[in-house]
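Working notes, beginning with the structure itself.
In the UniProt record's numbering, the protein residues as written are 1 to 237.
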């Protein structure tokens, strides 16, 4: 199922975009999460559509979906190429610690990608709306649990787990080392005077990723008897 592979690949890309909070950088707040929901709706009926493509109308629906997904795949490739170019052209000390964010340093490129995502979102919404008119039904074998979904993190709930392979560069390691050392430095009495350590910055710079690295650092594990990862939703306070 080539289309399902395209949809899954693009969905994973969107999950990473939501995790890195790049929606604001692209000028499309809320669009990424919305697009993830639309893709989910389409994936639910894709198996039924492919089993009925002898119907000319459904066949055209699948062709339109394929055209959009080719464009979506191009967006993923463009971002990967741009990120690699920026990483290869940077010194080790200025290298971006978050691969996806590296490609959005150029505002013109960020605007271009944002516009492409808005266009893809609009086209996919139209395709998704037609699924009911075509009589497409959700596949009973479509997984509803255990899959990585964009809409599952719309509320910005996070966990403490982190994929080390997704992190590139030295800056995040330097920041992690500084903060872990600070939190575990007993001889200077630092901890006794610290109630909260705030990691501040604009959306998309990787605050959550840095917090996860600190939370999972072995020295923190050894130093503190109890750790709690608390995810605060966007409407808190």
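C-beta: ideal position from N, C-alpha, C; glycine also.
- In this structure, residue 45 places its C-beta atom within 8 Å of the C-beta atom of residue 138.
- Nearest neighbour of residue 122 by Cα position, chosen from 79, 34 and 131, turns out to be 34.
- Residue 28 is not a Cβ neighbour of residue 126, given a cutoff of 8 Å.
- Taking each of 62, 57 and 56 in turn and checking the Cα distance to residue 47, the smallest one comes out for 62.
- According to the DSSP assignment, residue 121 belongs to the alpha helix (DSSP H) that extends over 107 to 133.
- In the structure shown, the three-state DSSP call for residue 198 is coil.
- In terms of Cβ geometry, residue 117 and residue 26 form a close pair [threshold 8 Å].
- The DSSP-derived three-state label of residue 67 is helix.
- From the listed residues 55, 128 and 176, the smallest Cα separation to residue 39 is found for 128.
- Around the CB of residue 230, fewer than 16 other CB atoms lie within 10 Å, so the residue is classed as exposed.
- In the structure shown, residue 137 falls within a coil segment according to DSSP collapsed to helix, strand and coil.
- When DSSP states are grouped into helix, strand and coil, residue 8 belongs to the helix group.
- Under the three-state reduction of DSSP output, residue 17 falls in the helix class.
- Counting the other CB atoms within 10 Å of its CB gives residue 31 a total of 16 or more, which places it among the buried residues.
- Inclusion of residue 82 and residue 108 in the CB contact set at 8 Å is not warranted, their separation being larger than that value.
- CA-CA distance, residue 174 to residue 24, rounds to 26 Å.
- Straight across, the Cα-Cα distance linking residue 5 with residue 219 is about 40 Å.
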